[in-house]
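Visitor:
In UniProt numbering, the protein residues as written are 1 to 150.
Written out as structure tokens, the structure reads:
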């Protein structure tokens, strides 16, 4: 069995914690994952990005992501609400969502899978763990998984 050629994908990260966003950017660079990473700060911005509304109206500048990294605990619209809305939208539901959160609550995990997330991952506690995670995510989502196109 041969692996497909690694390709660059668009990743959209929704996380209100600026440090987590910056660490993820650094971890992706360190892990040498080929991609373009876009970041939004909450569920409202996530859905605006996906629907090309407001400041995200330019679809060329803000393309449809191949993968979404979603934090659960965010202001305005949390990850749970955003995930539910996203998976209820026929135009968006095919985008895989990986919940990347500090929550270790069984209820959050079950609800995430119930709402249609592809994976549920608890954020690593240190940078090395995050680099390892980004490397593994990159290998899995870029080299192995066939992702839908728009």
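Where a beta carbon is used, it is the ideal one built from N, C-alpha and C, also for glycine.
Small disclaimer: the values here were computed from a predicted structure and weren't measured.
Which two residues bound the contiguous beta strand (DSSP E) that contains residue 37?
Guide: Per DSSP, residue 37 belongs to the beta strand (DSSP E) from 35 to 40.
Visitor: Can you give the Cα-Cα distance for residue 146 and residue 76, rounded to whole angstroms?
Guide: So the two alpha carbons sit approximately 33 Å from each other.
Visitor: Return the CA-CA distance between residue 102 and residue 72, expressed in angstroms with no decimal places.
Guide: So the alpha carbons of these two residues sit roughly 8 Å apart.
Visitor: Would you check if the region 80 to 91 and the region 115 to 131 touch, i.e. whether three or more CB-CB distances between them fall below 8 Å?
Guide: Short answer: they touch.
Visitor: Rounded to whole angstroms, what's the CA-CA distance from residue 54 to residue 24? Just pull it up for me.
Guide: If I take the Cα positions, the gap works out to 25 Å.
Visitor: Express the C-alpha separation of residue 136 and residue 109 in angstroms, rounding to a whole number.
Guide: The straight-line gap from Cα to Cα measures roughly 20 Å.
Visitor: Beta carbon of residue 12, beta carbon of residue 68: below 8 Å?
Guide: For residue 12 and residue 68, yes; Cβs fall inside 8 Å.
Visitor: Tell me, to the nearest whole angstrom, how far the beta carbon of residue 38 is from that of residue 10; I am working on the premise that it is less than 8 Å.
Guide: Going by Cβ atoms, the distance from residue 38 to residue 10 rounds to 7 Å, so yes, they are a contact pair.
Visitor: Is the separation between the beta-carbon of residue 30 and that of residue 98 shorter than 8 Å?
Guide: In this structure, residue 98 does not lie closer than 8 Å to residue 30 by Cβ.
Visitor: Quick one: what's got a C-beta closer than 7 Å to residue 104's C-beta in the same chain, skipping five residues either side?
Guide: Here the set comprises 122.
Visitor: State the start and end residues of the unbroken beta strand (DSSP E) segment that holds residue 113.
Guide: Premise fails: residue 113 lies in the alpha helix (DSSP H), 106 to 115, not in any beta strand (DSSP E).
Visitor: Can you say whether residue 14 is buried or exposed, counting buried as having 16 or more other CB atoms within 10 angstroms of its CB?
Guide: So residue 14 ends up on the buried side.
Visitor: What residues are listed by DSSP as bridge partners for residue 14?
Guide: 40 and 70, per the DSSP bridge assignment.
Visitor: Measuring only the C-alpha atoms, how far is residue 5 from residue 89?
Guide: Model confidence at residue 5 stands at a pLDDT of 47, short of 50, so the residue's coordinates are unreliable and nothing is read from them.
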